Amino acid sequence: MADDQIINRNRRTNDESNSIEKSNKTKNAKSSNGLTDLVQIVSVSGLGIAFGVLMNKANVYLAPVIRDQMLFQRFTMIKMFLGAVGASMLSSCIVIIVSESTYRTVCNSFIHRNNRIHGSHLLMGGALIGVGMVLAGSCPGTVFVQMGSGLQNSFLTCLGAICGVLFYYGFLSSRLTKDEVPKSSIVLQQLPELMGVKRIYLNLMFGSIFIGTAFALEHFIPYKNDFITPKGLRTLVGWSPVLCGIGIGSLQLFFMMLFKKSLGISTGFTVLVAQLCRVKSFKKLIPSLEPFTYGVQNSLALLFAFGAIGGSFISTFSANQFPLNEQYGAGALSSFFGGFLLSLGARCAGGCTSGQGISGVTHLLVGSLIATAGMFGGGMLFAAGYGLITKDWLFRAL
Numbered sequence: 001m002a003d004d005q006i007i008n009r010n011r012r013t014n015d016e017s018n019s020i021e022k023s024n025k026t027k028n029a030k031s032s033n034g035l036t037d038l039v040q041i042v043s044v045s046g047l048g049i050a051f052g053v054l055m056n057k058a059n060v061y062l063a064p065v066i067r068d069q070m071l072f073q074r075f076t077m078i079k080m081f082l083g084a085v086g087a088s089m090l091s092s093c094i095v096i097i098v099s100e101s102t103y104r105t106v107c108n109s110f111i112h113r114n115n116r117i118h119g120s121h122l123l124m125g126g127a128l129i130g131v132g133m134v135l136a137g138s139c140p141g142t143v144f145v146q147m148g149s150g151l152q153n154s155f156l157t158c159l160g161a162i163c164g165v166l167f168y169y170g171f172l173s174s175r176l177t178k179d180e181v182p183k184s185s186i187v188l189q190q191l192p193e194l195m196g197v198k199r200i201y202l203n204l205m206f207g208s209i210f211i212g213t214a215f216a217l218e219h220f221i222p223y224k225n226d227f228i229t230p231k232g233l234r235t236l237v238g239w240s241p242v243l244c245g246i247g248i249g250s251l252q253l254f255f256m257m258l259f260k261k262s263l264g265i266s267t268g269f270t271v272l273v274a275q276l277c278r279v280k281s282f283k284k285l286i287p288s289l290e291p292f293t294y295g296v297q298n299s300l301a302l303l304f305a306f307g308a309i310g311g312s313f314i315s316t317f318s319a320n321q322f323p324l325n326e327q328y329g330a331g332a333l334s335s336f337f338g339g340f341l342l343s344l345g346a347r348c349a350g351g352c353t354s355g356q357g358i359s360g361v362t363h364l365l366v367g368s369l370i371a372t373a374g375m376f377g378g379g380m381l382f383a384a385g386y387g388l389i390t391k392d393w394l395f396r397a398l
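Okay, here's the thing in C-alpha cells:
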C-alpha cells in the first residue's frame, strides 16, 4: 500500500514537472514570435499618448493649477482626480463582470506589491509626494507631461526624480522593506471584506458618487473660470477636467484586460534608472534595482511614460504653445528638490497619485486610502504653512 502511494506521488510530481515544462515552452514560443509583445508595446504606447493628451488638455500639469488646488483657490485638479477614480472604479466593475478571475489576478498582484509597505511608510511617503507637488508644481505622472510640453525646468524635476530613485534604492529600500506587513494589518485590508459588501456594489456606488461630485463641482465652479493667463501671454485653453479625468480613469479597463496590471506611471522613473544595472559595476552597487532592468513588463512601464511625453507634445504643439512658457512651471531649485521628493515619496508609499491614488483606491485598499490622504494632506499643510510664513501665497519664489 505504501509503495502504491509513493508511485502515485512520483507520478503526480512528474505530471506537474511536465506541465511546468509545457507552460514554459508555451511562454517561450509566444516570446519567440514576438507577436504578443509587439501588441502590448503598441497598445501601451497608445495608452500613454492618450494619458499625455488628456492630462495636458485638463491643464492639471501646470504648476499654478496644482499649487492653487492645495489652497482651494482652483479646483481643476480635484475635479479631474474624482473623475479619474470614479471612471476607474466603474471600469473595474466591467472587468469583474467580463472576467472576475482577471480582476482577482490584478488586485492580488497590487496587494502583493504592497505587502512590505507599512502604514507609517504609506503616510510619510504620501506626505513627501504632497510637499513635492507644491515645490515642483507637479505630481510624478505630470512630470512627463510637463516634459512633453517643453517646460525647461521639468527636465530638472526629472533629474531630481532620478536622484530620488537612486537615494531610495541605495539607502532606504533594504531597510524599509525588510519585513513583510502582517496579513492582518489594516493597510492590507479591503473595504469589501471590512464592510461585508460585494466589491462590485461598492465600486459601482463610490464610482458614481465620485463622478457625480466632480460634475457638481463643475456646475458650481466651471473649469473655464480656472483658466490661467500669465502676464503678457494668451490664455491657455483646455478641456473639461471632469471629462479628461473620466478618460484617464477609463484607461484602467485596458490596463487590466490587456496587461493584467493596474494603472500607474511613477515606476517609469525606476525602470529608467534601473537600465544602469546593465553595467555590472552599477548592478553590484545597487542590486535592488536589477528586477526593474529587464522584461516586457518593465518595458511597458517605460513606454507608457514615453507615450505620455509624446501625447503632451502633440497637444501642446497642435495648440501652437510649444515650448510652453516657463511662467507655467516652477523655479529651477524647486523643480529639482520637488522632483526628488516626488519619486522618493512614491517609492516609500509604493505608488503615486495614479498608482496608489487612482488604482489603489479603485481596489478599495485601506493602505492606498492612507497614502492618498497623506498626499493631499501633506500638500495642503505645506502650502498653507509656506504661505503663512512667507506671505507668498502665489508661490512666486518657488
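Sequential numbering from 1 applies to the sequence shown in the UniProt record's numbering. Cβ coordinates follow ideal geometry from the N, Cα and C atoms, glycine included. Remember, it's a predicted structure, so these values are computed and weren't measured experimentally.
Check, Outcome
"H219, buried or exposed, once every other Cβ within 10 Å from all chains shown has been counted against 16", "exposed"
"Touching by the beta-carbon criterion (3+ pairs, under 8 Å), the region 379 to 392 and the region 126 to 146", "yes"
"Meets three-Cβ-pair contact criterion under 8 Å: the region 68 to 88 and the region 199 to 215", "yes"
"Span separating the alpha-carbon of L333 from that of T390", "17 Å"
"Bridge partner(s) assigned by DSSP for L365", "Q190"
"Nearest-angstrom Cα separation, counted from V165 out to L272", "10 Å"
"Candidates F51, I111, I117, G150, of which the one nearest F313 by Cα", "G150"
"Candidates D37, V39, S45, of which the one nearest L251 by Cα", "S45"
"Straight-line gap, L90 to K284 (C-alpha atoms, nearest Å)", "44 Å"
"DSSP three-state assignment for G351, whether helix, strand or coil", "coil"
"Reference T142, options F306, Y386, A371, Q327, closest by Cα", "F306"
"N- and C-terminal bounds of the alpha helix (DSSP H) containing C244", "241 to 254"
"Continuous alpha helix (DSSP H) stretch holding R113: start and end", "100 to 113"
"L135 beta carbon less than 7 Å from that of G338", "yes"
"Cβ-based neighbour list, L341, same chain, cut-off 6 Å, excluding 5 preceding and 5 following", "L128, V131, G132"
"Spatial distance of P241 from V60 (CA atoms)", "8 Å"
"Contacts around F282, its chain only, beta-carbon distance under 6 Å, and the 5 residues preceding and following it disregarded", "L276"
"7 Å Cβ cutoff met for I96 and I209", "no"
"Selection from S101, I117, I286 that minimises the alpha carbon distance to F167", "I286"
"Residues near S109 by beta carbon distance below 7 Å, same chain, minus five either side", "K261"
"Rounded Cβ spacing between L258 and S43 (contact assumed at less than 8 Å)", "5 Å"
"From C93, G207, S138, residue whose alpha carbon lies closest to that of A63", "S138"
"Expected contact under 8 Å - CB spacing of A349 and I117 to nearest Å", "7 Å"
"Other residues of its chain near V361: CB distance less than 7 Å, five sequence neighbours each side excluded", "V85, S368, L369, T372"
"Segment contact, 8 Å Cβ cut-off, at least three pairs: the region 286 to 295 with the region 168 to 176", "yes"
"Under the three-state DSSP convention, the category R74 falls into", "coil"
"Of the listed residues L191, S299, Q146, R113, nearest to G311 (C-alpha basis)", "Q146"
"Completely contained beta strand (DSSP E) runs for the region 138 to 226, where each covers 3 or more residues", "none"
"Range covered by the alpha helix (DSSP H) that runs through A274", "267 to 274"
"Status (buried if at least 16 other CB within 10 Å, exposed otherwise) for S335", "buried"
"Per-residue DSSP class, three states only, for I389", "helix"
"H121 in three-state terms, based on DSSP", "helix"
"C-alpha distance - T105 paired with T36, whole-angstrom precision", "19 Å"
"Closest residue to I111 among I248, S185, G295 (Cα-Cα distance)", "S185"
"Own chain partners of residue 425 with C-beta closer than 6 Å, once the 5 adjacent residues on each side are dropped", "The requested residue 425 is not part of the displayed model; the chain covers only 1 to 398."
"Opening and closing residue of the alpha helix (DSSP H) in which G307 lies", "296 to 318"
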